[in-house]
Structures are given as C-alpha cells and as structure tokens.
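Asker: Below you will find the structure I want to go over with you.
There are 2 protein chains.
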Amino acid sequence: MDGCMKKIPIPPSTELYIGRNLFSTDQLFACRGAQRAVLIADAAIQDTYAVDLAHKIGAELLTIPSGETTKSIETVCHLVETLCKMGCARDTFLIALGGGVTTDLVGFAASLYMRGVPLILVPTTLLAIVDAAIGGKTAIDTPYGKNLMGTIYPPKAIFADLDMLRTLPEKEWFNGLAEILKMGLIYDPAIWEMGEKNYQDPDLILKAIEGKIAIVSQDPTEQGMRRILNFGHTIGHALETAAHYAISHGEAVAWGCLAEAHLSMRLGYLAESDVQRIAAMYRHFPLKLPKTYTRSALLSAMAHDKKKALGEIRFVLIDKIGHALPFAGAYCRAVSHSALETTLDWMEQWKSHP
Amino acid sequence: MDGCMKKIPIPPSTELYIGRNLFSTDQLFACRGAQRAVLIADAAIQDTYAVDLAHKIGAELLTIPSGETTKSIETVCHLVETLCKMGCARDTFLIALGGGVTTDLVGFAASLYMRGVPLILVPTTLLAIVDAAIGGKTAIDTPYGKNLMGTIYPPKAIFADLDMLRTLPEKEWFNGLAEILKMGLIYDPAIWEMGEKNYQDPDLILKAIEGKIAIVSQDPTEQGMRRILNFGHTIGHALETAAHYAISHGEAVAWGCLAEAHLSMRLGYLAESDVQRIAAMYRHFPLKLPKTYTRSALLSAMAHDKKKALGEIRFVLIDKIGHALPFAGAYCRAVSHSALETTLDWMEQWKSHP
Numbered sequence: 001m002d003g004c005m006k007k008i009p010i011p012p013s014t015e016l017y018i019g020r021n022l023f024s025t026d027q028l029f030a031c032r033g034a035q036r037a038v039l040i041a042d043a044a045i046q047d048t049y050a051v052d053l054a055h056k057i058g059a060e061l062l063t064i065p066s067g068e069t070t071k072s073i074e075t076v077c078h079l080v081e082t083l084c085k086m087g088c089a090r091d092t093f094l095i096a097l098g099g100g101v102t103t104d105l106v107g108f109a110a111s112l113y114m115r116g117v118p119l120i121l122v123p124t125t126l127l128a129i130v131d132a133a134i135g136g137k138t139a140i141d142t143p144y145g146k147n148l149m150g151t152i153y154p155p156k157a158i159f160a161d162l163d164m165l166r167t168l169p170e171k172e173w174f175n176g177l178a179e180i181l182k183m184g185l186i187y188d189p190a191i192w193e194m195g196e197k198n199y200q201d202p203d204l205i206l207k208a209i210e211g212k213i214a215i216v217s218q219d220p221t222e223q224g225m226r227r228i229l230n231f232g233h234t235i236g237h238a239l240e241t242a243a244h245y246a247i248s249h250g251e252a253v254a255w256g257c258l259a260e261a262h263l264s265m266r267l268g269y270l271a272e273s274d275v276q277r278i279a280a281m282y283r284h285f286p287l288k289l290p291k292t293y294t295r296s297a298l299l300s301a302m303a304h305d306k307k308k309a310l311g312e313i314r315f316v317l318i319d320k321i322g323h324a325l326p327f328a329g330a331y332c333r334a335v336s337h338s339a340l341e342t343t344l345d346w347m348e349q350w351k352s353h354p
Numbered sequence: 001m002d003g004c005m006k007k008i009p010i011p012p013s014t015e016l017y018i019g020r021n022l023f024s025t026d027q028l029f030a031c032r033g034a035q036r037a038v039l040i041a042d043a044a045i046q047d048t049y050a051v052d053l054a055h056k057i058g059a060e061l062l063t064i065p066s067g068e069t070t071k072s073i074e075t076v077c078h079l080v081e082t083l084c085k086m087g088c089a090r091d092t093f094l095i096a097l098g099g100g101v102t103t104d105l106v107g108f109a110a111s112l113y114m115r116g117v118p119l120i121l122v123p124t125t126l127l128a129i130v131d132a133a134i135g136g137k138t139a140i141d142t143p144y145g146k147n148l149m150g151t152i153y154p155p156k157a158i159f160a161d162l163d164m165l166r167t168l169p170e171k172e173w174f175n176g177l178a179e180i181l182k183m184g185l186i187y188d189p190a191i192w193e194m195g196e197k198n199y200q201d202p203d204l205i206l207k208a209i210e211g212k213i214a215i216v217s218q219d220p221t222e223q224g225m226r227r228i229l230n231f232g233h234t235i236g237h238a239l240e241t242a243a244h245y246a247i248s249h250g251e252a253v254a255w256g257c258l259a260e261a262h263l264s265m266r267l268g269y270l271a272e273s274d275v276q277r278i279a280a281m282y283r284h285f286p287l288k289l290p291k292t293y294t295r296s297a298l299l300s301a302m303a304h305d306k307k308k309a310l311g312e313i314r315f316v317l318i319d320k321i322g323h324a325l326p327f328a329g330a331y332c333r334a335v336s337h338s339a340l341e342t343t344l345d346w347m348e349q350w351k352s353h354p
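Here the protein sequences come in this chain order: A and B. Following my numbering, the numbering of the first sequence begins with 1 at its first residue and continues without gaps. Following my numbering, the numbering of the second sequence begins with 1 at its first residue and continues without gaps.
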C-alpha cells in the first residue's frame, strides 16, 4: 500500500480511507464541505499531530486527557457543555483524532449531541485502525464495567493513515495485534497463518480490516453473527474492569483469546493441538496478569457482561482456528461454572507451563 | 373507542396499543415474554398506578422524581448505575410509566444502557400520548437548552390507556391540546376545525396520533419532512429554557404556534384572516408569559436551536391552516432579525389585543 490511498466503503454509510501520508491530500477537508468542524484530539498528540491537522483543515481544536479513565460520562458531559457553549449546531462536524478511547468517546458524544451530528474518525493507533474505529460502535465505561453505555452510530468517514504507526511504541503494536489475531481465530485462518509466519507483517492490517468490515456489514446492530467479535472479550473486558484498566485492552484480549480457546477445548469443541498452537503464538506477547488480579474480582466483573441472557453469562467459542461456532444463530452459549473454573486455573498457571 | 383496544403499527418496529382499561388485559405482560422487566415510573404516580402495574406484570419498580428538571444527565447516570447494580442485562425490558419527561428520559437511558435494551412506553398524560411517546425520539435537557442531548430509539410497544386521562387536571389537557392543535396547523386542517368546534372532543386524540405516525413514518430520522413537527417549537423551546421550565411545554408550544403563525404572516406566507382565526383559538388557553421572561434571554436560548444550519436560526412556517411550507425539502428557513423582532413585539403585546 506504499504511496497510495485506498477507499473502502463500509455499509451502510461510511467511507474508509486507508493509506500513507493521507493528510497531505485535501480529502479530509473536502469531506466536511462548508460546515463548521471541531477536532477533538487525545491531549498526548496535541503537539505532534493535532494542532497541525486542525490548522490544515480549518477546524477548531479541543483536547481530552489520555487513558481509559477518560471514557467516562463526566468527559462526555464536559464535551457536550463545551459544544453548547461554542454554539455548535446539528450540522457541525466532530472529528476524533486519537486511539480507541478517543474514537469511542467522541463517537458517543457525536451520537447524542442534538440527537446526532456528523462524525469523522481519524484513528492513530493500530488497535483503533483495525478495531475500534470500524463498525460504528461507540462507548463509555461505568464503574461496573467496560463499554456498558454506548450507541451504534456509523461515522461519515474514517481516515487511517498508516504513516502514523511509524512512531507507535512496541506495546501499542501488541495492542493492535491482539485484535488482528482474534480475527484469525474466529473468521479468517489466513490471518492466523500470516501472523504465525511474521506477526509484524503490515499486510495483516488490511486483512483484519477486511474481515471486520465483512462481519459488521452482515450484522451491523449485533443481532447475531457480529457477536463473534466478542471472542476473548468476556474474560478480556472483565480483566480490564477488575484491574481498573491497569492492563491494556490488547493484553486483556490476548489473555481472553487464550483462555476462551482453552474453554472451547474444555467443552469439547476445539482440538488440544489447536490450543497448543494458539498458546505458542501468545508466548510472543509480554503477558502478565495485573498485580491486583483476583479470581473473585474477575468473576464478579463478568456478571455485567453484555452477552448475558436470562441471567447466564455466555461465551463465543471456536471449533477450529478461523471459525466461531454459530450455536443456531446465537453465536454464543452459556458455560458451566466448573468448566470456567478449570479454564481460569489453566490461565492463572499459564506462564509456568512448558 | 369505548370498551375496545386498537393496535396501530408504527414503522419500523413499534406497536401502539390504544384504548380503555388496557391494564386489565395481559397484553403488556405478553409483550416482554420471559424476560426480566424493570418498570420506571414518575414518583408522583407511584401509589395510584405504578405499584399495581409492577405487581400485575411482575416487574421490579424504580421511581424518578417528577418535573422537567429530572430530564438531566444526572438522572440518567443514577438510573444506569442502578441498573448495573441490579445486574440488568441486554435482554432486560425497561418500561416507562409517566408523562413526556419519563418517556423521554427512560427512552434515552434504554437506548444507551449496554448499547440498547428493549423498551416499552406507557404514557400517562395527554401530551405524552399524542406527542412524546410517538416517533422514537428520546432526550434530556442541558443547561443550554431543552432536548439538546438525545437519540432516536423506537420502543417495542406503546400502551396508551385513555382511562388514565379521566383524572387528568385541566392544565394537563391544555398541555396536550397544544400539540394536537399544532398538528392541525401544519398537517391536517380537519383537526383544527374539530378543535374550533369543541376542543375537548376525545376524537382529537386519535386524529393527532394518526397525523404524527404518518409524518414520522415518512421521515423517521428527521432528514426533512419530520421537521414540520417543530412548528411552534423554536420559540416554544426557547421560552422553556429562558424560563428555566417554569412554563409548561404545552403553554410554551401554544405561545410558539401563535408567534410562528404571526411570523408566517409577517413574511408574506399566511393570510391575516388565518392569524386572527388562530389567535381566537388560543384565547381559550390560560396563556401568560413567565414573570422572569425577557426578550434577550429568549433570543439567547434560541441560538441553541437544533434546526440551526450554517450559523442561522431556522423556522418552520405555514402558508395556510393545515399546511407547512416545504422550502425545497428543507421544511424550514432562516428569518431576518427584524421580522423576528416584529413578531416578538406582537407576542409580548398579545394579551392586550382586542
């Protein structure tokens, strides 16, 4: 993809622009027409990207603090109040510049302010490019769990500039890789195999994006099939909540994929050889359970999982690398407490395995 | 409609049940199937309706304080926290019992909690039955104006029990009548004529509901035609905001319809005889501008109107009783400051007119 820009439609109403050196083109400016625009950026990239971009596209600039704890109703209220004060109207564009925290939060505010203003996402991390920005989900956290409030609100456009990833720290690469590999486990075995050969292969990015677009296009409002994207996230989100976000989303999802692959085996769906293959991959990751981890905090956080139905916690499960189980259209199933405990035993012991 | 129940579909996905003595049937209970349900009621009707209904349908009961000031982000946060604490999941039904404040607020919370849980509305005031409950709009207020945050989130079902209106105070009747008559001015001249003959005619209710359903079905997300429902609301909402809700929504909308009819004449669209006919109707209303009214507070509140585009405040206008102007699909237009001032002069003097 060097030196070129791809335009990929995401049904029903989003255009994804992906490539290198995107901000040297006028595409982003053209996208909002003559409307007023407010760029809302992660404060950490104010000096490196935000001030320049705002100037270039003639947008007003607001910043929000970095980190998962920003994804709160307090930040949304403060943002909405600022937009009110500025006199922003229903035709004002909001442009989010930052990682998944920024795109989730600004997307949420855009979906509510005046019942919805036009939204453009400019994800700056691998995780946001391959996952958070795609599919229209917006969210904030509550003290009871991650993403417990949110909307489904597709942006008008997404600008993913791969040049931004050049300066990405290694930790952030693993953060995105966790979601890329998840796509390999649930949907596209070719992604998994590419990852096994070279997990730094940049072609993984486009493959993962294409997979996610295919899934969310089939089921935009998560009535069924889209649920497979939650593989690794029942345990993953609960780990984040229990650790008060002292663990990154990618690390939590890596732990979650590992454990939920084991659970798939424990319940008789997945071969032990596949679990070993999966475990071998995650040995590349700098995985460590948070110091504050306790099993009871994890189980209690899991009780707020969004896939819960009729009082039972449900899991997405896989029966081979590259395929999630449909369970007659539910794409998840309830799991006995004893099976879950065995998997958590295994997960907690994992680092000492050979 | 005595003794019977009508079922009216509202596209895309709502069933409206309207009639008398609805709660003696099991329809509401049947509607939620085997799912957990939480009834959220206006505290003012806890003893008269809420406890009984919750018991009858096997729902848990929460109450929220009465009055427009409840429609705040603080109430939503408190509600969401309570639902989290109760362990409510994505399949838990929320049932709103109360007037427009309750249906707007609970609808908003239902649209956000876990990115949307199933919603049933049980409006208990004339205003909520003919207007707030129909069309899927949810909202809360901000200190900068009314309904400045919200979503479009259609409920599964609406139960409108006309028996509840028997105990409605006269003030509440005028509150609903203001929205009924607005429907006569913008869409259905027969409603206006029925109102002129007898503004207490119960058949007005069903006519107004049918009109609103026809409009919102054509344009559910307010891209164009649905905007005509905002007739009377540019000045109406600003009056409410400027008065800190010391004026009822109906009274504010009645003032707004009166003034925006005058504005329609001032701009050359509406005949003076029609304005006189309209003014004669509103003489039945107990209209009084709030003691705290000032023109500058009104104009400043109007600056946050949701119809604003490219920096200009826009108005829905009518060219006869029963017809709003399409303005090439925009259904509203910007108005000069001097025309607006003339209309406000007239409005402020109105009670002293012959």
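Idealized CB from N, CA, C, for every residue including glycine.
#1: Tell me which residues share the same chain as L79 (chain A) and place their Cβ nearer than 6 Å to its Cβ, disregarding the 5 neighbours each side in the sequence.
#2: Exposed or buried, what is P355 (chain A) when buried is set at 16 or more other beta-carbons lying within 10 Å of its beta-carbon?
#3: What separation, rounded to the nearest whole angstrom, lies between the Cα atoms of E172 (chain A) and E68 (chain A)?
#4: To the nearest angstrom, how far is the alpha carbon of T234 (chain B) from that of N198 (chain A)?
#5: How long is the line joining the alpha carbons of L97 (chain B) and Q349 (chain A), rounded to whole angstroms?
#6: To the nearest angstrom, how far is it from the Cα of W346 (chain B) to the Cα of A259 (chain B)?
#7: I'd like to know whether the C-beta atoms of T124 (chain B) and I215 (chain B) end up nearer to each other than 8 Å.
#8: S338 (chain A): buried (16+ other C-beta within 10 angstroms of its C-beta) or exposed?
#9: Can you find a C-beta in chain B that's less than 8 Å from the C-beta of D2 (chain A)?
#10: Using a Cβ cut-off of 8 Å (strictly closer), state whether A309 (chain B) contacts chain A.
#11: Round the Cβ separation of F231 (chain B) and K306 (chain B) to the nearest angstrom and send it over; I've been treating them as touching at under 8 Å.
#12: So with Cβ pairs under 8 Å, would you call V101 (chain A) a contact of chain B?
#13: Pull up the distance between the alpha-carbon of A50 (chain B) and that of I313 (chain A), whole angstroms please.
#14: From which residue to which residue does the alpha helix (DSSP H) around A107 (chain A) run?
#15: Quick one, are the C-beta atoms of T241 (chain B) and A301 (chain B) less than 8 Å apart?
#16: Applying the 10 Å Cβ sphere with the 16-neighbour rule, what's the burial state of E74 (chain B)?
#17: Taking all protein chains shown into account, decide if L310 (chain B) is buried (16 or more other Cβ within 10 angstroms of its Cβ) or exposed.
#18: Chain A partners of T364 (chain B), CB-CB under 8 Å?
#19: Quick one: what does DSSP say W346 (chain B) is sitting in, helix, strand or coil?
#20: Can you name the start and end residues of the alpha helix (DSSP H) that L165 (chain B) belongs to?
#21: For L16 (chain B), I'd like the list of residues in its chain whose CB is within less than 6 Å of its CB, leaving aside the five on either flank, ordered along the chain.
#22: Which residues in the same chain as L270 (chain B) place their Cβ atom closer than 8 Å to its Cβ, once the five residues preceding and following it in sequence are excluded?
#23: Short check: CB of K207 (chain B) to CB of M194 (chain B), under 8 Å?
#24: Would you check if the segment 27–34 of chain B and the segment 148–165 of chain B touch, i.e. whether three or more CB-CB distances between them fall below 8 Å?
#25: Using 8 Å as the limit for Cβ to Cβ distance, is H304 (chain B) near chain A?
#26: What is the rounded straight-line gap between the Cα of T102 (chain B) and the Cα of L287 (chain A)?
#27: Counting C-beta neighbours from all protein chains within 10 Å, is the total for E170 (chain B) 16 or more, i.e. buried, or is it exposed?
#28: Pull up the CB-CB distance for V76 (chain B) and E179 (chain B), whole angstroms please, since I reckon it's below 8 Å.
#29: Compare the C-beta of K137 (chain B) with all C-beta atoms of chain A and state if any pair is closer than 8 Å.
#30: Measuring only between beta-carbons, confirm whether R226 (chain A) sits less than 8 Å from chain B.
#31: Starting from the C-beta of I134 (chain B), find all residues in its chain whose C-beta is less than 6 Å away, skip the five residues before and the five after it, and write them out in chain order.
#32: From the DSSP output, in three-state form, read off V122 (chain B) for me.
#33: Classify T48 (chain B): buried if its beta carbon has 16 or more other beta carbons within 10 angstroms, exposed otherwise.
#34: Say whether chain C places a C-beta atom closer than 8 Å to the C-beta of T69 (chain A).
#35: Give me the chain B residues within the contact set of T142 (chain A), using Cβ-Cβ distance strictly less than 8 Å, ordered along the chain.
#36: Please return the same chain residues whose Cβ sits closer than 7 Å to the Cβ of P354 (chain A), not counting the five positions on each side in sequence.
Answerer: In short, the structure shows the following:
#1: As a first step, residue 79 (chain A) is located in the first sequence; it is residue number 79 there, counting from the start. Cβ neighbours of L79 (chain A) beyond the five flanking positions: A109.
#2: Not covered by the structure: residue 355 (chain A). The range shown for chain A is 1 to 354.
#3: The residue you call residue 172 (chain A) lines up with position 172 of the first sequence. The residue you call residue 68 (chain A) lines up with position 68 of the first sequence. Roughly 14 Å between the two C-alpha positions.
#4: Along the second sequence, read from residue 1 onward, the residue named residue 234 (chain B) stands at position 234. Along the first sequence, read from residue 1 onward, the residue named residue 198 (chain A) stands at position 198. Cα-Cα distance, rounded: 60 Å.
#5: Residue numbering aside, residue 97 (chain B) sits at position 97 when the second sequence is read from its first letter. Residue numbering aside, residue 349 (chain A) sits at position 349 when the first sequence is read from its first letter. Going by the C-alpha atoms only, they are around 51 Å apart.
#6: The count along the second sequence starts at 1 and reaches residue 346 (chain B) at position 346. The count along the second sequence starts at 1 and reaches residue 259 (chain B) at position 259. Roughly 8 Å separates the two Cα atoms.
#7: Here residue 124 (chain B) refers to the residue found at position 124 of the second sequence. Here residue 215 (chain B) refers to the residue found at position 215 of the second sequence. No; because the gap between Cβ atoms is not below 8 Å, this pair is not in contact.
#8: For the purposes of this step, residue 338 (chain A) is taken as the residue at position 338 of the first sequence. Its Cβ having fewer than 16 others within 10 Å, S338 (chain A) is exposed.
#9: Reading the first sequence from its first residue, position 2 is the one you call residue 2 (chain A). Here D2 (chain A) scores only 44 on pLDDT, less than 50, and its place in the model should not be relied on; the value that follows carries that caveat. For D2 (chain A), the answer is no, since every Cβ of chain B falls outside 8 Å of its Cβ.
#10: By one-based count along the second sequence, residue 309 (chain B) stands at place 309. So yes, A309 (chain B) belongs to the interface.
#11: Against the second sequence, residue 231 (chain B) aligns to sequence position 231. Against the second sequence, residue 306 (chain B) aligns to sequence position 306. About 14 Å; that fails the 8 Å criterion.
#12: Walking along the first sequence from the start, residue 101 (chain A) turns up at place 101. Answer no: the Cβ-Cβ gap between V101 (chain A) and chain B never drops below 8 Å.
#13: Counting from 1 along the second sequence, the entry for residue 50 (chain B) is found at position 50. Counting from 1 along the first sequence, the entry for residue 313 (chain A) is found at position 313. Whole-angstrom Cα-Cα distance: 31 Å.
#14: As a first step, residue 107 (chain A) must be located in the first sequence, where it is residue number 107. This sequence places Gly at residue 107 (chain A); Ala is not what is there. Residues G100 to L112.
#15: Reading the second sequence from its first residue, position 241 is the one you call residue 241 (chain B). Reading the second sequence from its first residue, position 301 is the one you call residue 301 (chain B). Yes, the Cβ-Cβ distance between T241 (chain B) and A301 (chain B) is below 8 Å.
#16: Taking the first residue of the second sequence as 1, we reach residue 74 (chain B) at position 74. That one is exposed.
#17: Walking along the second sequence from the start, residue 310 (chain B) turns up at place 310. So L310 (chain B) counts as exposed.
#18: Because residue 364 (chain B) is not part of the residues shown, which for chain B are 1 to 354, the question remains open.
#19: The count along the second sequence starts at 1 and reaches residue 346 (chain B) at position 346. The answer is helix: DSSP assigns W346 (chain B) an H, G or I state.
#20: If you number the second sequence from 1, residue 165 (chain B) lands on position 165. No alpha helix (DSSP H) holds L165 (chain B); DSSP gives it neither H nor E.
#21: In the second sequence, counting from the first residue as 1, residue 16 (chain B) sits at position 16. Only I8, I10 and I158 meet the Cβ criterion.
#22: Along the second sequence, read from residue 1 onward, the residue named residue 270 (chain B) stands at position 270. For L270 (chain B), where only same-chain residues beyond five positions count, the Cβ hits under 8 Å are A261, S264, L317, I318, D319 and K320.
#23: Residue 207 (chain B) sits at position 207 when you count from the first residue of the second sequence. Residue 194 (chain B) sits at position 194 when you count from the first residue of the second sequence. Yes.
#24: yes
#25: Counting from one through the second sequence, the residue named residue 304 (chain B) turns up at place 304. Closer than 8 Å to some Cβ of chain A, the Cβ of H304 (chain B) qualifies, so yes.
#26: Within the second sequence, numbered from 1, the residue matching residue 102 (chain B) stands at position 102. Within the first sequence, numbered from 1, the residue matching residue 287 (chain A) stands at position 287. Rounded to whole angstroms, T102 (chain B) to L287 (chain A) spans 47 Å at the Cα level.
#27: Here residue 170 (chain B) refers to the residue found at position 170 of the second sequence. Classification of E170 (chain B): exposed, given that the 10 Å Cβ count is below 16.
#28: As a first step, residue 76 (chain B) must be located in the second sequence, where it is residue number 76. As a first step, residue 179 (chain B) must be located in the second sequence, where it is residue number 179. Not confirmed; about 24 Å, so no contact.
#29: Translated into the one-based positions of the second sequence, residue 137 (chain B) becomes position 137. Taking Cβ atoms only, chain A reaches closer than 8 Å to K137 (chain B), which makes this a yes.
#30: As a position in the first sequence, residue 226 (chain A) is number 226, starting the count at 1. Closer than 8 Å: no.
#31: Reading the second sequence from its first residue, position 134 is the one you call residue 134 (chain B). Counting only Cβ-Cβ distances below 6 Å, and skipping sequence neighbours, we find K212.
#32: Sequence index remark: in the second sequence, residue 122 (chain B) carries index 122 (1-based). V122 (chain B): strand per DSSP, three-state reduction.
#33: The residue you call residue 48 (chain B) lines up with position 48 of the second sequence. So T48 (chain B) counts as exposed.
#34: Considering every chain present, this structure includes no chain C. Its protein chains are A and B.
#35: Sequence index remark: in the first sequence, residue 142 (chain A) carries index 142 (1-based). Chain B residues near T142 (chain A): V80, E81 and C84.
#36: By one-based count along the first sequence, residue 354 (chain A) stands at place 354. Residue confidence for P354 (chain A) is low, a pLDDT of 42 falling below 50, so the modelled location carries little weight; the figure read from the coordinates is stated next. Excluding residues within five positions, none has a Cβ falling inside 7 Å.
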